[in-house]
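Q: Below are the structure tokens for one structure; questions will follow.
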């Protein structure tokens with residue numbers, strides 16, 4: 050009898066707990082229903098009595114976007130009008146002409162033309178200003194998305210009226226829209242006779258195939274070591290990260306595991322194909338914009354000591370998103386889990402809502418980081434991205450260069466240069482002469498651009514502090530003298546920063562002749578991470594030492 054009573058007493062809290070859980074679940078459902086009813090009532094009142102006409106679709110989307118933004122930056126709602134953009138993001142394909150158009154200040158300018166697309170085949174050029182699409186005058190359309198008119202069904206025609214630099218009469222160009230494939234690997238090639246280079250910029254549905262094809266082709270050209278460039282790669286499909294990791298690690302090895310609220314979604318993913326090569330020396334390049342799937346690949350390479358990472362700490366996005374279908378052909382991409390790489394670490398930034406201005410997670414306190422070990426026993430840490438094995442400084446441009454870029458003066462001069470010079474040397478051989486640079490600085494003479502140097506900003510802060518502390522009168526004369534001496538001169542700065550400005554201008558000009566591939570090739574000689582990779586491959590002992598247990 051005592052045993053029976055004891056069983057009842059032990060069971061009672063469990064039963065009570067179940068009842069409490071049930072009550073809380075019912076309570077939650079009631080709260081959801083209540084608030085949805087309030088929301089619907091509020092919206093009806095707005096629609097009926099608000100002083101101006103409202104756009105229901107736009108207003109609802111704004112409210113949904115703000116609600117989801119309060120959760121995390123990656124849970125996103127796609128309205129029916131945005132589904133085509135969502136499909137482009139996941140498949141890398143869309144129906145259009147294959148050009149990037151920037152709309153600003155009432156002008157619609159072609160900023161990039163992609164290879165083997167209707168735009169390139171029809172002769173559209175960088176710098177062309179589109180004034181009409183199918184006789185629709187764009188100057189009369191405010192807040193207008195040109196992309197919606199340029200996209201359309203395959204093999205349908207679109208007529209563009211464009212202004213081209215150096216040609217007074219507008220040109221009419223007719224293109225047939227086609228399936229445009231935005232490649233995940235915009236460039237691959239040999240850096241020298243033995244080192245191959247693969248630039249992976251996305252993880253859409255064909256990423257693995259593109260990387261495999263590039264890798265095999267480069268091996269056929271004598272590649273003995275490879276640089277995999279994941280800089281500025283925002284990530285994408287999880288299965289592509291698994292397959293690309295599998296190029297370098299054997300079948301059966303763990304690549305990534307996911308853990309979330311729904312237990313059946315907790316999974317461990319392993320490499321399911323034979324590796325293409327488990328021995329070739331590998332360098333992976335990363336920066337603070339390498340995120341998500343790019344961090345899985347770089348983390349796997351590091352955790353298995355399969356290669357050396359060079360660059361800056363990665364972005365720190367260790368969250369998995371799943372797409373859920375909603376009513377009326379809408380979708381929601383929702384964060385459902387965190388992912389963990391083979392060492393057991395989660396690279397999710399501890400506070401992903403607060404970052405530095407450049408997007409990086411900044412310094413994570415040691416007390417908030419946990420120690421893990423790679424396959425060889427090297428110590429690595431979680432919390433805030435993947436820290437490379439060789440850290441390079443992030444390239445910082447001068448205020449002068451930033452201002453010239455922001456005001457599109459590099460681009461505009463490249464348009465002029467392209468018109469005046471029908472051909473130039475191959476991308477890797479092209480360089481501006483001193484006379485060419487002098488012509489550029491002369492052209493800038495009547496152009497609008499300005500900037501504030503760091504020293505000028507510091508002086509302004511000092512002056513503000515002196516005012517606040519009521520000591521400005523004491524140092525006012527000295528401040529004026531310093532301002533006079535340190536006030537920047539555009540002409541002087543164009544000479545001081547000549548190497549930097551010249552390099553940027555050269556790459557911009559090359560882009561107008563050889564598009565993305567040429568611009569990438571032109572950057573190799575001055576690329577600090579590429580130079581560090583080439584130096585490491587020349588020192589096999591150092592490469593091996595980095596991957597050994599410290």
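Numbering (this note's numbering), first residue to last: 50 to 599. Note that the Cβ used here is the ideal one computed from N, Cα and C, for glycine as well. Keep in mind that this is a model prediction, so the values were computed, not measured.
Going straight from the alpha carbon of residue 343 to that of residue 153, what length do you get?
A: 32 Å
Q: Do you know offhand how far residue 75's Cα is from residue 85's?
A: Whole-angstrom Cα-Cα distance: 15 Å.
Q: Assuming residue 349 contacts residue 391 under a Cβ cut-off of 8 Å, what Cβ separation, rounded to an integer in Å, is found between them?
A: 6 Å
Q: Measuring straight from C-alpha to C-alpha, what distance separates residue 90 and residue 98?
A: If I take the Cα positions, the gap works out to 12 Å.
Q: Sorted by chain position, which residues of the same chain lie with C-beta nearer than 8 Å to residue 463's C-beta, five sequence neighbours on each side aside?
A: 175, 176, 554, 557, 558, 560, 561
Q: Under 6 Å from any heavy atom of the ligand COA, does the C-beta of residue 108 make it?
A: No copy of the ligand COA occurs in the structure displayed, which carries no ligand at all.
Q: Return the first residue and the last residue of the alpha helix (DSSP H) that residue 591 is part of.
A: 589-595
Q: Which whole-angstrom value is the C-beta distance of residue 604 and residue 166, which I expect to be below 8 Å?
A: With the chain running from 50 to 599 in the structure shown, residue 604 is simply not present.
Q: Are the CB atoms of residue 274 and residue 586 within a distance shorter than 7 Å?
A: yes
Q: Just list the residues that DSSP pairs residue 96 with in beta bridges.
A: Residue 96 pairs with nothing; no bridge assigned.
Q: Considering only residues of the segment 228-310, which uninterrupted beta strand (DSSP E) runs meet the minimum length of 3 residues and lie entirely inside it, listed in chain order?
A: Qualifying beta strand (DSSP E) stretches, in chain order: 236-239, 244-248, 274-278, 303-309.
Q: Opposite residue 179 in the DSSP bridges: which residues?
A: Answer is 211.
Q: Based on Cα-Cα distance, which residue from 335, 490, 210, 424 lies nearest to residue 442?
A: 335
Q: Do residue 215 and residue 468 have their CB atoms nearer than 7 Å?
A: yes
Q: For residue 50, count the other beta carbons within 10 Å of its own beta carbon; 16 or more makes it buried, fewer makes it exposed. Which is it?
A: Unreliable positioning characterises residue 50 in this predicted model, as indicated by a pLDDT of 43, which lies under 50. A coordinate reading is not provided.
Q: Under DSSP, the alpha helix (DSSP H) around residue 347 begins and ends at which residues?
A: 342-352
Q: Check each candidate in 588, 476, 438 and name the one with the smallest Cα separation from residue 596.
A: 438
Q: Take every Cβ of the segment 300-317, pair it with every Cβ of the segment 378-386, and state whether three or more of those distances are shorter than 8 Å.
A: yes
Q: Go ahead and pull the three-state DSSP assignment for residue 544.
A: Under the three-state reduction of DSSP output, residue 544 falls in the helix class.
Q: What does a CB cutoff of less than 7 Å around residue 347 pick up in its chain, not counting 5 residues either side in sequence?
A: 279, 333, 335, 339, 358, 363, 435
Q: Flag this pair as touching only if the segment 180-187 and the segment 208-226 have three or more C-beta atom pairs under 8 Å; answer yes or no.
A: yes
Q: Rounded to the nearest angstrom, what separates residue 239 and residue 476 at their Cα positions?
A: Those two C-alpha atoms are separated by around 14 Å.
Q: Of the choices 431, 496, 258, whose alpha-carbon is the least far from that of residue 351?
A: 431
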